[in-house]
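> With the first letter of the sequence shown counted as 1, position 48 gets the number 48 in my numbering; the numbers rise by one all the way through. By construction, the Cβ of each residue, glycine as well, lies at the ideal position given by its N, Cα and C atoms. Bear in mind that the values here come from a model prediction, so they are computed numbers and not experimental data.
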Amino acid sequence: MNTCILRASAAALGCLLAAQAAAAAGTALVTSVNSEVRNGYTRQQLPDGSFQREYYAIASGGYSPGRDKDRSIDGVRFPDLAGMVAQVLARRNYYFAPDAKSADLLLVIQWGTTIPFRSAQYANATLNVADAANAFRSADASARASVNPTRDRGGIQSPEMTVRQVTLEQMQQDLYTMLLFEGARRDADADNARLLGYLKEINYRDDLSRLAGAGVAFDDLMADIEAPRYYVIISAYDFRAATQRQQQKLWWVTRVSIQAQGNRFNERLKDMLASAGRYLGSDSGHLIRQYHQGEVSFGDLKFLGYQPTPAPAESPEQRR
1 MNTCILRASA AALGCLLAAQ AAAAAGTALV TSVNSEVRNG YTRQQLPDGS
51 FQREYYAIAS GGYSPGRDKD RSIDGVRFPD LAGMVAQVLA RRNYYFAPDA
101 KSADLLLVIQ WGTTIPFRSA QYANATLNVA DAANAFRSAD ASARASVNPT
151 RDRGGIQSPE MTVRQVTLEQ MQQDLYTMLL FEGARRDADA DNARLLGYLK
201 EINYRDDLSR LAGAGVAFDD LMADIEAPRY YVIISAYDFR AATQRQQQKL
251 WWVTRVSIQA QGNRFNERLK DMLASAGRYL GSDSGHLIRQ YHQGEVSFGD
301 LKFLGYQPTP APAESPEQRR
């Protein structure tokens, strides 16, 4: 699947910095949740509207550290994380199986910090191309202005044409290097988009509306995946298929993430799981970015202040 990777706009960067400042102040948090069901998984509902109880076994899918040391997540241990996840699962009528015969699902938990592409490398390569292009334009203009620049002088190319040729080759080399970095950037962005559940939403937002001034949502998504993010992924597999037939039959997967900058994983983990809780075992339909303000009482998992991120106000030009 092709994913168009563009640089975040100044407006998107401003929104990102505002969100970081709010999160750092402990008053707001933007969480992203994506949940999918697979292979025809459905839950049976009881007459009172609640879901029929299902039992699970639980396993660690591994921890993926980020590029830098981070005590707030490096120090989190799987038993502690699994205990918090179990509390959220109970709200959806999922319970830890007392024995292997009772288990319906095998839950695998992954957590970590994404490693985005180092944008400084790409930025430097882009600047080198611009500098080389300017040098070539100047050399080309000098060559055109010189007297008979293409005429051989005793079999030796004119100095002006030599400079032009050298600058052209340098521009081509720098352009090739930039394209290599662009490819690496696209690959890193696509990998993180898949990991966090952003890929479908990015491709959906990547349309002509971006060129008509409606690309803020797309830019926000790109800004997310091009910055380090904390994440937790809970995947539910058919327990019997996994243990008896060694088959990985995925029933559902829920992904939740927040930006790492301005946050501490161990302090925000409860908020992340509370955001993901209502979608466990169900299909969210699309990526959900939520603006969370206030505190979450994790004892009974009641939401005290969730609201969707408000849509950006239209500019006067858009209203015309």
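Can you tell me the Cα-Cα spacing of Asp219 and Asp80, whole angstroms?
Distance between the alpha carbons of Asp219 and Asp80: 35 Å.
> Determine the DSSP secondary structure at Phe218, reduced to helix, strand or coil.
In the structure shown, Phe218 sits in a helix (DSSP, three-state: H, G or I).
> Check whether the Cβ atoms of Ile225 and Asp189 sit closer than 8 Å, and answer yes or no.
In contact: Ile225 and Asp189 (Cβ atoms closer than 8 Å).
> Give me the Cβ distance between Arg229 and Ala260, rounded to the nearest whole Å; I'm assuming they're in contact under 8 Å.
Correct: roughly 6 Å between the Cβ atoms.
> Go ahead and pull the three-state DSSP assignment for Met171.
Helix.
> Based on the DSSP output, what are the partners of Gln45 in its beta bridges?
Answer is Phe51.
> Which same chain residues, not among the five before or five after Gly62, have their C-beta less than 7 Å away from its C-beta?
Cβ neighbours of Gly62 beyond the five flanking positions: Gln110.
> Mind checking Gly281: buried by the 16 CB within 10 Å criterion, or exposed?
Label assigned to Gly281: buried.
> Please classify Glu267 as buried or exposed, where buried requires at least 16 neighbouring CB atoms within 10 angstroms.
Looking at its Cβ environment, which holds fewer than 16 other Cβ atoms inside 10 Å, Glu267 is exposed.
> I'd like to confirm the pairing. Which residues does DSSP put opposite Val37 in its beta bridges?
Bridge partners of Val37: Trp252.
> Alpha carbon to alpha carbon, how far is Gln290 from Phe117?
Going by the C-alpha atoms only, they are around 25 Å apart.
> Can you say whether Glu160 is buried or exposed, counting buried as having 16 or more other CB atoms within 10 angstroms of its CB?
Buried, since its Cβ has 16 or more Cβ neighbours within 10 Å.
> I believe Leu269 touches Met84 by the beta-carbon criterion, under 8 Å. Please report the beta-carbon distance rounded to the nearest angstrom.
That belief holds up - the Cβ atoms of Leu269 and Met84 are roughly 6 Å apart, short of 8 Å.
> Using 8 Å as the threshold, is the C-beta distance between Glu36 and Leu105 below it?
Cβ distance not < 8 Å, so Glu36 and Leu105 don't count as in contact.
> Pick out the complete beta strand (DSSP E) segments inside the stretch 51-96, 3 residues or longer, and give them in chain order.
As far as the stretch 51-96 is concerned, its whole beta strand (DSSP E) runs of at least 3 residues are 54-64 and 94-96.
> Taking only beta-carbon positions, decide if Ile225 is within less than 8 Å of chain B.
In the displayed structure, chain B is absent; only one protein chain is listed.
> Arg137 to Asn203, Cα distance in whole Å?
In a straight line, the C-alpha of Arg137 is about 37 Å away from that of Asn203.
> Taking only the alpha-carbon atoms, compute the straight-line gap between Tyr231 and Leu199 and give it to the nearest angstrom.
The straight-line gap from Cα to Cα measures roughly 15 Å.
> Check each candidate in Gly285, Gln52 and Arg278 and name the one with the smallest Cα separation from Gln87.
Ranking Gly285, Gln52 and Arg278 by Cα distance to Gln87 puts Arg278 first.
> If you measure between the beta carbons of Trp252 and Ala236, is that distance less than 8 Å?
Yes, the pair counts as a contact, with Cβ atoms nearer than the cut-off.
> Return the chain-ordered list of same chain residues with a C-beta closer than 7 Å to the C-beta of Pro326, the five sequence neighbours on each side being excluded.
Residue 326 lies beyond the stretch modelled for the chain, which goes from 1 to 320, so this question has no answer here.
> Decide if Asp187 is buried, meaning its Cβ has at least 16 other Cβ atoms within 10 Å, or exposed.
Exposed: under 16 other Cβ atoms inside 10 Å.
> At a cut-off of 7 Å, would you count Gly112 as near the ligand FAD, judging by its Cβ distance to the nearest heavy atom?
The ligand FAD is not part of this structure, which contains no ligands at all.
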